[in-house]
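Colleague: Please read through the structure below; I'll follow up with questions.
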Amino acid sequence: EAVTKDSKSDDAGTKDPLLIRAAKGEKTERTPVWMMRQAGRHIKEYRDLCKKYPTFRQRSEIPEVAVEVSLQPWRNYKTDGCILFSDILTPLPGVGCEFTIDEKLGPIMEPIKNWDDVKKMHPIDPSTAAPFVAETLKILRDEVGPETAVLGFVGCPYTLATYMIEGKTSKEYLEIKKMAFNEPKLLHAILQNLADSIGDYALYQVENGAQLIQIFDSWAGHLSPRDYEEFAAPYQKQILDKVKKHHPEVPTVIYIKHSGALIERMAGTGVDVVSLDWTVDMAEGRERIANGRKAAGLKGPGGVQGNLDPGVLLANHDTIKERAEEILKKAGSTGHVMNLGHGIEACTPEENAHHFIETVRNFRHKD
Ligand code: CP3
19 EAVTKDSKSD DAGTKDPLLI RAAKGEKTER TPVWMMRQAG RHIKEYRDLC
69 KKYPTFRQRS EIPEVAVEVS LQPWRNYKTD GCILFSDILT PLPGVGCEFT
119 IDEKLGPIME PIKNWDDVKK MHPIDPSTAA PFVAETLKIL RDEVGPETAV
169 LGFVGCPYTL ATYMIEGKTS KEYLEIKKMA FNEPKLLHAI LQNLADSIGD
219 YALYQVENGA QLIQIFDSWA GHLSPRDYEE FAAPYQKQIL DKVKKHHPEV
269 PTVIYIKHSG ALIERMAGTG VDVVSLDWTV DMAEGRERIA NGRKAAGLKG
319 PGGVQGNLDP GVLLANHDTI KERAEEILKK AGSTGHVMNL GHGIEACTPE
369 ENAHHFIETV RNFRHKD
């Protein structure tokens with residue numbers, strides 16, 4: 019053999035997947051893409067599987083089923099990321115808070131009201147609380163190969179606490195706000211317990227195959243900037259810092275819905291990528307991320323994810339292409355992971371999701 023190229027000397031064999039390189043702020047040959055909430059409701063194969071496994075807890079906690087559901091959008095559309103099929107609430111039984119998912123009403127829990135309830139919380143041991151997550155991640159890593167990134171995720175303390183204190187999904191979050199303003203120490207105790215355990219749970223995902231961690235503080239955009247700084251940001255930061263301390267090579271992403279007022283603050287946490295919802299212009303968002311990092315003494319412009327309105331996927335193919343390409347151009351070829359501004363809607367036609375992913379995969383930057 020004249021020239022031997024084993025996998026170590028071959029550049030492609032040692033390179034991180036495209037999505038991970040973009041999340042680390044690198045320039046990429048094309049922009050990687052995935053969709054928040056890409057697994058599940060909008061896919062017919064998933065709805066069929068629900069007949070056999072009627073509860074969400076079964077679908078997300080039986081590894082073979084969770085693997086299959088995670089792979090469905092990746093197989094159908096060739097997304098650059100494959101996200102673990104699970105939920106932000108999945109680790110909560112591990113801290114002493116049981117939950118169920120009602121197919122119509124969403125998450126249901128016994129609400130935490132007082133110090134006696136808080137005393138029942140305990141630190142998580144992920145390997146007994148969620149061994150199925152480790153097994154699912156390991157299988158996914160084998161299944162998707164070296165070019166796709168396996169994505170892990172956790173919910174942030176504030177957003178998790180909305181479910182734990184309201185007992186269900188909420189529109190106005192009045193119970194948690196009553197606690198924040200009348201008994202802030204009680205809320206801080208809950209948030210601190212969560213930050214410790216969710217940080218460990220994020221590490222557990224990384225140690226079992228997750229190549230990126232996205233932290234969801236979906237409902238923190240309902241807080242005033244002042245209260246965001248007290249009740250959300252410090253706990254996000256504890257989770258991010260724990261991941262960075264043990265696994266500096268793993269990029270982190272933060273997502274908050276309605277985060278227009280908070281972008282600089284999100285960037286200032288030191289997260290690698292800020293995921294924008296669709297209410298902000300991509301070019302302005304990038305500038306504000308860079309400013310937020312600078313103000314916090316952080317180096318570099320930071321990465322960005324997003325930010326197509328999920329409603330655009332209900333439009334015709336030409337409009338989907340036009341709107342997606344506008345964002346790709348504004349974001350540029352460096353440090354951008356294309357995504358929706360929130361989860362894909364359940365009523366989205368699969369062919370439209372497919373067209374969106376194809377559009378992004380075929381797009382090339384001029385520079
Ligand atoms: O949507 C977001 O803002 C992302 C963060 C988030 C997730 N779960 C992540 C997730 C939030 C806020 C939740 C809470 C939750 N859990 C809800 C929303 C209720 C509300 O208050 O609006 C619901 C319906 C659940 C239960 C749940 N989670 C179901 C029934 C499913 C499966 C199919 C579906 O999408 O309805 C999930 C999956 C889920 N939740 C994933 C993630 C990241 C799966 C992986 C993916 O494909 O992204």
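Quick note: the sequence shown uses mature numbering (1 follows the signal peptide of the UniProt record, and there is no 0), first residue 19, plus one each step. Here a beta-carbon is modelled for each residue, glycine too, at the ideal position from N, C-alpha and C.
1. Would you check whether the ligand CP3 has a heavy atom nearer than 6 Å to the C-beta of Q256?
2. Any heavy atom of the ligand CP3 closer than 6 Å to the CB of R379?
3. Measure the beta-carbon distance from M197 to M127 and round it to whole angstroms, keeping in mind my assumption that it falls under 8 Å.
4. Closer than 8 Å by C-beta to L241: which residues in its own chain qualify, once you throw out the five before and the five after it? Chain order, please.
5. Within 7 Å (strictly less), CB to CB, does A40 reach chain B?
6. For the structure I just gave you, are there three or more beta carbon pairs, one from the region 322 to 329 and one from the region 257 to 267, closer than 8 Å?
7. Quick one: grab the DSSP three-state call for V268.
8. Could you tell me how far apart the beta carbons of G58 and L169 are, in whole angstroms, since I believe they sit closer than 8 Å?
9. What do you reckon, is the C-beta of D105 under 6 Å from a heavy atom of the ligand GDP?
10. Based on the DSSP secondary-structure assignment, which residues constitute the bridge partners of G361?
11. Whose C-beta lies closer than 8 Å to the C-beta of I345 among residues of the same chain, with five residues either side of it excluded?
12. Any idea what DSSP makes of L205, helix, strand or coil?
13. Taking 6 Å as the line, does the beta carbon of K57 fall inside it for any heavy atom of the ligand CP3?
14. Could you give the residue range of the beta strand (DSSP E) that holds T118?
15. Looking at the structure shown, is S78 part of a helix, part of a strand, or coil, going by DSSP?
16. As a quick exercise: from R382, D66, F171, pick the residue whose alpha carbon is nearest that of G217.
17. Looking only at its own chain, which residues have a Cβ that is under 7 Å from the Cβ of Y246, when we skip the five neighbours before and after it?
18. Would R304 be called buried (16 or more neighbouring beta carbons within 10 Å of its own) or exposed?
19. Taking Cβ to Cβ, would you say P269 is nearer than 7 Å to L331?
20. For the candidate residues A148, G318, K137, whose alpha-carbon lies nearest to that of L204?
21. Taking 6 Å as the line, does the beta carbon of P125 fall inside it for any heavy atom of the ligand CP3?
22. When we look at the beta-carbon of P367 and count the other beta-carbons within 10 Å, is it buried (16 or more) or exposed?
23. Classify L169 as helix, strand or coil using the three-state DSSP reduction.
24. Identify which residue in E340, L221, K347, T297 has its Cα closest to the Cα of F374.
25. At the level of alpha carbons, what is the spacing between V85 and G320?
26. What is the DSSP secondary structure of T352, counted as helix, strand or coil?
27. If we ignore side chains and look at the alpha-carbon of each, how far apart do I119 and A179 end up?
28. Note down, one range per segment and in chain order, each alpha helix (DSSP H) of at least 4 residues found wholly within the region 139 to 188.
29. Buried or exposed for T187, going by 16 or more other Cβ atoms inside 10 Å?
30. Mind checking which residues open and close the alpha helix (DSSP H) that includes N370?
31. Starting from I130 and walking both ways along the alpha helix (DSSP H), at which residues does that stretch end?
32. Please determine whether the Cβ atom of S215 lies at a distance below 6 Å from any heavy atom of the ligand CP3.
33. Can you give me the Cβ contacts of N370 inside the same chain, cut-off strictly under 8 Å, excluding the 5 residues immediately before and after it?
Modeller: Let me lay it out:
1. no
2. no
3. Going by Cβ atoms, the distance from M197 to M127 rounds to 15 Å, so no, they are not a contact pair.
4. Y176, F249, A250
5. This model lacks chain B altogether, as it is built from one protein chain only.
6. Fewer than three pairs of CB atoms, one per stretch, sit closer than 8 Å, so the region 322 to 329 makes no contact with the region 257 to 267.
7. coil
8. L169 and G58 do not touch by the CB rule: their CB atoms are close to 14 Å apart, not below 8 Å.
9. In terms of ligand content, the structure shown lacks the ligand GDP and carries the ligand CP3 instead.
10. None; G361 has no bridge partner.
11. M300, G324, N325, L326, M356
12. helix
13. The sequence given here places Ala at residue 57; Lys does not occur at that position. Yes, Cβ of A57 sits closer than 6 Å to a heavy atom of the ligand CP3.
14. 117 to 120
15. Of the three classes helix, strand and coil, the one that applies to S78 here is helix, per DSSP.
16. F171
17. A238, L280, R283
18. buried
19. no
20. K137
21. Under cutoff, so the answer is yes.
22. exposed
23. strand
24. E340
25. 32 Å
26. Three-state DSSP puts T352 in a strand.
27. 16 Å
28. 144 to 147, 149 to 162, 175 to 184
29. exposed
30. 368 to 380
31. First-last for I130: undefined, no H or E at that position.
32. no
33. L331, L332, A333, H335, I338
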